[in-house]
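Structure first, then comments.
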Amino acid sequence: MKDVAALELNPTDLRLLGHFYQNNFRLELTKGLNSVDIDPPMSTWVSMALMTTVIGLIYAGFIWIAIANDAGAKFGPMIWLLLLLIGILAIVGPVAGHQIRLCYLRSRSPLVSYSAANSTVSILGGQQVFELAEVHALIGVTLRDSHGESKSELQLMIRRDDSLMPYLITTDLSGSASNSYGRILREFRNATRVRTMIAEPDGLLNRGPVRLTELTADGEP
430 MKDVAALELN
440 PTDLRLLGHF
450 YQNNFRLELT
460 KGLNSVDIDP
470 PMSTWVSMAL
480 MTTVIGLIYA
490 GFIWIAIAND
500 AGAKFGPMIW
510 LLLLLIGILA
520 IVGPVAGHQI
530 RLCYLRSRSP
540 LVSYSAANST
550 VSILGGQQVF
560 ELAEVHALIG
570 VTLRDSHGES
580 KSELQLMIRR
590 DDSLMPYLIT
600 TDLSGSASNS
610 YGRILREFRN
620 ATRVRTMIAE
630 PDGLLNRGPV
640 RLTELTADGE
650 P
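Heads up, the sequence shown is in the working numbering, so the first residue is 430 and it goes up one at a time.
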């Protein structure tokens, strides 16, 4: 059996674990007397305002086209009611989904918690608790899914006998783990000395091999 301490992560063994991928939430670091937590944000009004503005502009362009082509005369007055319903769904749907996902993350907060007093790391509101010696790394991963789209995840790698077992923390639509999780991983590493890594493909449009980068205590690869 391989010595547990000698285990190393092979980038080719990494896999995406999630089924639902969210818009980017800027994760936050919370420091207590004997703990360091990674939490979802309390408010995302900036991203929600941006999302609503973009969707609203697209919808306004759609209405302008309908007016310019005299859609009311061609299809009757009911077309305006239909366009109104489409607009409500187009704007309210994504915003509601955004809030539901954020509430779900908050219900499982802290997403990651380091306890200096107990020398443990727990995830998803304490659903899983691991001894510090079991933790191999907290890692931001970017890989392509079955449709060829790049997705990012935050995973905790745990040592199990002679292998490493990943646990999913959260997901992101972003195609760059560095952008999604680089900042929070550096902050967590600096505060806890828990090993943190970024794994993402090299090359244009993430077409190259996966490169694994360990973040040092001062935040520099």
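Yeah, the Cβ is synthetic: ideal placement off N, Cα and C, and Gly gets one too.
Per the DSSP secondary-structure output, Thr571 pairs in a beta bridge with Ser581. In the DSSP assignment, Met507 falls within the unbroken alpha helix (DSSP H) covering Met507 to Ser536.
From the listed residues Leu445, Leu438, Thr441 and Pro440, the smallest Cα separation to Gly577 is found for Leu445.
Cα atoms of Ala500 and Val521: separation of roughly 24 Å, rounded to the nearest angstrom. Where Arg640 is concerned, there is no enclosing alpha helix (DSSP H), although the beta strand (DSSP E) around it starts and stops at Val639 to Leu644.
A distance of 8 Å or more separates the beta carbons of Leu438 and Met594. Between Ser603 and Asn453, the gap from beta carbon to beta carbon is short of 8 Å. When only Cα atoms are considered, Arg535 and Gln451 end up about 14 Å apart. Excluding the 5 residues flanking it on each side, Arg640 has same chain C-beta neighbours closer than 6 Å at Asp631, in chain order.
Counting along the chain, Phe617 sits inside the alpha helix (DSSP H) bounded by residues Ala606 to Thr621. Beta-bridge partners of Phe449 (DSSP): none assigned. Counting of Cβ neighbours within 10 angstroms places Phe617 among the buried residues, the total reaching 16 or more. Inter-residue distance for Arg589 and Gly637 is about 30 Å (C-alpha atoms, whole angstroms).
Secondary structure at Met477: helix, using DSSP grouped into helix, strand and coil. One Cα belongs to Lys580, the other to Thr600, and the distance between them is close to 8 Å.
In terms of Cβ geometry, Met477 and His527 form a close pair [threshold 8 Å].
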